[in-house]
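Presented below is the structure to which this report refers.
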Amino acid sequence: MSPRLRAREGDRPPGRPPWVLVAPALVGLAFLVLPLVGLLVRAPWSTLGTRLVQGQVLDALRLSLLSATLATALCVLFGVPLAWVLARVPFPGVRLVRALVTVPLVLPPVVGGVALLLVLGRRGLVGGWLDDAFGLTFPFTTAGVVLAETFVAMPFLVISVEGALRAADLRYEEAAATLGATRWTIFRRVTLPLVAPGVAAGAILCWARALGEFGATITFAGNFPGRTQTMPLAVYLALETDPQAAIVLSLVLLAVSVLVLAALRDRWVGTS
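Residues in the sequence shown are numbered from 4 upward in steps of one, following the numbering used here.
The structure is reproduced here in structure tokens:
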């Protein structure tokens, strides 16, 4: 028997698992899985193809894919440099800045939408100036959807990239510096390739989070079909008018979630 196999067997607790732990574990598993099973059982499989090509569904799907992709691009554009600063540049208050960056993870999305309105609304701290100087208005527009999704999704990328940067071997960057490479060249030619898996994982999480965003979007951008109505908003509206369409849209979001988990399995599941 190999040493690795013996070590893995040594990690197992002796004896049978106690029912006092197994029973609530099974209840918790059922609580998480049964709603998904119910969604699959009640899905209108016979008319699924027809409902997927309906105008309302296609508009919501198109807008969701577009806004989530644009939001992810903004997260990468601004989030990767922010993660690099947090991981590589020591400065007073870095812990406070890191905490502020992660606030959207625990902040209720509706509160995030209200905060965006207070800053980027027509009478907001910045929005009023943008409207007067450039005629830019973000609330209740497609651009507002992208900004709302960017606000709630960027922390996922920052955390993922910062963790990858802290785990990266600094010797490669130091070797490049001794050869005369500039900081920008080191970042572009050495650091980014080293943390590329972390950037990719963070981008996937960003895209999935943006695709499923609801609270900040409906508060900051509204729910206008064809302009700001993303798939989660369409599900909310369809529950009152066409529950079958709500199930179809929910199935699409469920499929996306499963694909994201499959893409990130190597980061969460240990391999031998």
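All residues carry an ideal CB built from backbone N, CA and C; glycine is no exception. Quick caveat, the model's predicted, so the values are computed rather than measured.
For residue 146 against residue 219, the beta-carbon gap comes to about 14 Å, at or over 8 Å, which does not count as contact. Residues 47 of the same chain have their beta carbon placed closer than 6 Å to that of residue 247, with the five preceding and five following residues left out of the count. Taking 9 Å as the cut-off, the beta carbon of residue 227 is found no closer than this to the beta carbon of residue 119. For residue 57, the three-state secondary structure derived from DSSP is coil. If you draw a 10 Å sphere on the C-beta of residue 212, you find 16 or more other C-beta atoms in it, and that means buried. Contact annotation: residue 161 and residue 238 have beta-carbon atoms that are not nearer than 9 Å. Contact between residue 167 and residue 198 holds, since their C-beta atoms are separated by about 4 Å, short of 8 Å. Counting of Cβ neighbours within 10 angstroms places residue 232 among the buried residues, the total reaching 16 or more. In the structure shown, residue 214 adopts helical secondary structure according to DSSP, grouped into three states.
Under the three-state reduction of DSSP output, residue 112 falls in the helix class. Counting along the chain, no alpha helix (DSSP H) covers residue 46, and no H or E run does either.
Using a Cβ distance threshold of 9 Å, residue 252 and residue 63 count as a contacting pair.
In the DSSP assignment, residue 154 falls within the alpha helix (DSSP H) that extends over 145-170. Three or more Cβ pairs closer than 8 Å define a contact, and the segment 93-101 falls short of that threshold against the segment 172-182. Residue 234 is positioned such that its CB atom lies closer than 9 Å to that of residue 256. Assignment of residue 185 by DSSP, reduced to helix, strand and coil, places it in the coil class. For residue 92, no alpha helix (DSSP H) run applies, since DSSP gives it neither H nor E.
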